Structure formats: structure tokens, C-alpha cells
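Undergrad:
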Amino acid sequence: MQIPCNSVCSLDVIMKNLVLYTIFILTVIVCIQGLDRGAKRELWQGILGDQVYDLTSSPKYKNQPADIVTILTLLEAPDDIGENYGQRVTSYFLAPETGYYYFYLSCNLACQLWVSTDHSSSNVVLNIEIKPPGLANYQDWQKSNTPIFFAEKHFYYIKLLMKEKNGSDFLGAGVRFPSGVELKPIGANYLFRTIPEHRSGSFVQTSRDVIPGDDAVIRSFVNVTCQLTCANYCISQSKCHSFIYHVITRACVLYKLSKHHVIHSDWNSYLYVKVM
Numbered sequence: 001m002q003i004p005c006n007s008v009c010s011l012d013v014i015m016k017n018l019v020l021y022t023i024f025i026l027t028v029i030v031c032i033q034g035l036d037r038g039a040k041r042e043l044w045q046g047i048l049g050d051q052v053y054d055l056t057s058s059p060k061y062k063n064q065p066a067d068i069v070t071i072l073t074l075l076e077a078p079d080d081i082g083e084n085y086g087q088r089v090t091s092y093f094l095a096p097e098t099g100y101y102y103f104y105l106s107c108n109l110a111c112q113l114w115v116s117t118d119h120s121s122s123n124v125v126l127n128i129e130i131k132p133p134g135l136a137n138y139q140d141w142q143k144s145n146t147p148i149f150f151a152e153k154h155f156y157y158i159k160l161l162m163k164e165k166n167g168s169d170f171l172g173a174g175v176r177f178p179s180g181v182e183l184k185p186i187g188a189n190y191l192f193r194t195i196p197e198h199r200s201g202s203f204v205q206t207s208r209d210v211i212p213g214d215d216a217v218i219r220s221f222v223n224v225t226c227q228l229t230c231a232n233y234c235i236s237q238s239k240c241h242s243f244i245y246h247v248i249t250r251a252c253v254l255y256k257l258s259k260h261h262v263i264h265s266d267w268n269s270y271l272y273v274k275v276m
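Counting in the UniProt record's numbering, the final residue of the sequence shown is number 276, and the numbers go up one at a time with none missing.
1. Can you give me the C-alpha to C-alpha distance between Ser220 and Lys40, rounded to a whole angstrom?
2. Give the secondary structure of Cys240 by DSSP, where H, G and I count as helix, E and B as strand, and everything else as coil.
3. According to DSSP, simplified to helix, strand and coil, what is Ser121?
4. Asn223 to Phe203, Cα distance in whole Å?
5. Kindly indicate which three-state DSSP category Ala251 falls into: helix, strand or coil?
6. Are there three or more Cβ pairs, one per stretch, closer than 8 Å when the region 59 to 67 is compared with the region 156 to 166?
7. Do Glu164 and Gly174 have their CB atoms nearer than 8 Å?
8. Which residues does DSSP pair with Gly172 in a beta bridge?
9. Which class does Val19 belong to by DSSP, given the choice of helix, strand or coil?
10. Within its chain, find whatever has a CB closer than 6 Å to the CB of Leu99; leave out the 5 residues flanking it on each side and keep chain order.
11. Could you check what DSSP says for Lys62 in three-state terms: helix, strand or coil?
12. Kindly list the residues whose CB is nearer than 7 Å to the CB of Gly187, restricted to its own chain and excluding five residues on each side of it in sequence; keep chain order.
13. Within 10 Å of its beta-carbon, does Asp80 have 16 or more other beta-carbons around it, so buried, or fewer, so exposed?
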């Protein structure tokens, strides 16, 4: 199934054959549009020194908002922008596979890559550090010696810290997936400034002819992108306890759960009742 919307979705269908009928369990997890992709970059000017510690110990870094705040589409910062500054880049990395990941770091003059064991910024551990004088060229990547285990479709907080004194300056981070695919730098498809909202629920397909709700229709719309979108929309509505989906017209109608009545729908209409 292809999901044309800008979303992160998963769909599991479990089929159980009984003596007289078949029950389908439709489980929906996460399908949110309008995601905040990318990374947040914060830069503090006028901070002396050539160590990352000079940034993190600075009263300005601790107590004042950044002088410059921008959004990065890739996990790389603009290069050769000035002297005596420090910057922090943060994002949530969406793991596309389950397994061990290796990260790469590139910078001049000094930088650190911190990776969390989950989505919390409190659980970060230092994964890579480059000390002065840094790397000579941006395409010179330093690989982590410590792989990190990530679970597919989970979010992990990552943080880059970088300190520049004078001369050339650049910063970037890459990753190697368990499958061997490498991204240098990491792209926007895997970076999120905020964690997308997770919604979950299960639906039982009960019949093609019975619709709960009578006249208590919450909302109806047509031309939804897919059955998963219809299910997810029902999850997002607190008063929605069931929905009917037409596989040909893609019409989706949400219902409250009250009394039942029979309609004469065609064989392509499916009724799902929320069970959790």
C-alpha cells in the first residue's frame, strides 16, 4: 500500500478464520501530516576558545538565547561563517531499520556528537568527538567506534556541539544504516525538529451491511488517500467509535457507537469498529 500523504505510517492486518465468518483486525500506528522535518541550529557569537567545553561552560550559552536560530534540512551547518562562535544542532532521528547504526562526524575546529538511547534529551551519550585542530576538509569523515542499536520507526534524540575559533569552519553528521546504506550528511527524511504525535488503535471489521450510529455522523469526507488515513482520522476523533470505508470510491464516514440499523451498501463497503 502506498501512502501519498507526507506521513509516517505503519499498517498491520491480522486475519482470523472462524467457522462462520472472518474477523479482520486493523491496527494503525502513526499517520500525521505536516511534520516538522529537519534540525534546529542555534549559534552563540563572541565566545572565545577552541574547545567544545568553552561553549558549554560559557554563561552566555547557559543563560542567554542563541544569537542566530535557523532550520537545517540536512544535518550539516553552513561553513566559513565567522570566528569565535559556538553552535548546537538538535533533532530527532527516525530509524528506518532495526539494528546497529554507525554515525559519522566532520568539523573544524572542534565538535561532539551526542546520541540518546531513546527520544529523551536526558539520555544522551557521547558517540564521537573531534578535538582541535579538527579535520582538514569537510569530506573527511570520522566514524564512530561504537555502534548504537535502534529499533525501526522509533525516534532518537541527537545533538551536535561545535566550537570555532578562527580559520576554516564546518560541521556535518552522517549515518550508516544496518543494511549498509550511508548518508553523509543525514537527510531530512530522517530528521524531525519535534516528535510527531503517535496515535494507535485497533478496529474489527464486522460486516458490509450494518452501520452503527444511526444519524450520529460526526463527519464525512471523500477521496481520502487510503484506508489507513481513514482509520487514523477515526483514532484522532474522541467521539469516533467506528468508520465505514469504500474501497472503490475511497469514501470515509465516521460514526459514534449508538444503535444499529441496516443499510443497503454494496460489497465494496467495509465497516470497522474501534476495539481499543
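Glycine included, each C-beta is placed from N, C-alpha and C at the ideal position.
Note that the structure is predicted; figures quoted are calculated from it, not measured.
TA: Checking against the coordinates, here is how it stands:
1. Note that Ser220 scores a pLDDT of 45, beneath 50, so its modelled location is shaky and nothing firm can be said.
2. Here Cys240 sits in coil by DSSP.
3. Shown here, Ser121 sits in a helix according to DSSP, grouped into three states.
4. Unreliable positioning characterises Asn223 in this predicted model, as indicated by a pLDDT of 46, which lies under 50. The coordinate reading is nonetheless provided below. Distance between the alpha carbons of Asn223 and Phe203 is about 21 Å.
5. DSSP places Ala251 in coil when its eight states are reduced to three.
6. With contact defined as three or more Cβ pairs closer than 8 Å, the region 59 to 67 and the region 156 to 166 are not in contact.
7. No.
8. DSSP, once it has assigned bridges, lists Glu76 and Ser106 as partnering Gly172.
9. Any reading at Val19 must be qualified, since the residue scores a pLDDT of 30, below 50, and its modelled position is unreliable; the value itself is stated next. Three-state DSSP puts Val19 in coil, outside helix and strand.
10. What sits at residue 99 in the sequence shown is Gly, not Leu. For Gly99, same chain residues with a beta-carbon under 6 Å away, outside a window of 5 residues either side, are Pro178 in chain order.
11. DSSP places Lys62 in the helix class (H, G or I) of the three-state scheme.
12. Closer than 7 Å at the Cβ level, and outside the excluded window around Gly187, lie Leu74.
13. When all chains shown are included, Asp80 counts as exposed.
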